[in-house]
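> So that we are looking at the same thing, I have put the structure below in structure tokens.
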Amino acid sequence: MPRTDRHPPHRPHPLRPPHHPPHPRPDGPEADLGRDVTGHREAAAEPGPRGGGRRPGEWRARAGWTAAAGAVLAFGLVAPGLVPAGAASLLGGALYTALLYTLLSAAAPRLGPWTAGAAALAAGWAVELFQLTGLPADLGRHSRLARLVLGTTFDPADLLGYALGAAAATALHLLARRPARRGR
């Protein structure tokens, strides 16, 4: 019978790493931790809502962003009555975009600050431009929620407010990440 392997057993294949026996798995609470290809332990992933693995700090990040969204929403309901009418429009637009930013970051905590800021700004501008169709005004006559979420009339000044809100949310997120990186 002809030999099927090209290399004798004492000479490893030049393109394959040498064979290492599998590392024994530890007993006790660490038994369910996997090992990567180098034999080092991998961090256990938390199961997600659909059964997929998640990074360990992801649920904490979601909770933090959800709390931030609640704070922005509460501030947005109170603040317009505390500032002059001209500033209230800009502040309302900025807080609307900050709310979109926090909700987006809660839904996808792995997004970077620049991506989340750009997405929140694009969503805010899309809603504002959608008001040019007149459909949000029609919906607003039938639903207070639609009036709050979509607005009713187009105002170019709102576009500036959305940009300010996206810039402020992105800057705050970048500043909040700085101390965490220094401590490592």
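For the working numbering, count along the sequence shown from 1 and bump the result up by 387. Idealized CB from N, CA, C, for every residue including glycine.
On the three-state DSSP scale, how would you describe V470?
The answer is coil: DSSP assigns V470 none of H, G, I, E or B.
> Provide the residue span of the alpha helix (DSSP H) that contains R497, from first to last.
Premise fails: R497 is in no alpha helix (DSSP H) and is neither H nor E.
> Counting along the chain, where does the alpha helix (DSSP H) carrying G527 start and finish?
Per DSSP, G527 belongs to the alpha helix (DSSP H) from L522 to H529.
> Could you give the residue range of the alpha helix (DSSP H) that holds L464?
Note, L464: alpha helix (DSSP H), E445 to V465.
> Would the beta-carbon of L477 fall within 8 Å of that of L547?
Yes, Cβ-Cβ distance for L477 and L547 is below 8 Å.
> In this structure, does DSSP put G479 in helix, strand or coil?
Of the three classes helix, strand and coil, the one that applies to G479 here is helix, per DSSP.
> Who are the Cβ neighbours of T540 in its own chain at under 8 Å, not counting the five residues just before and after it?
Cβ within range, chain order: Q518 and A524.
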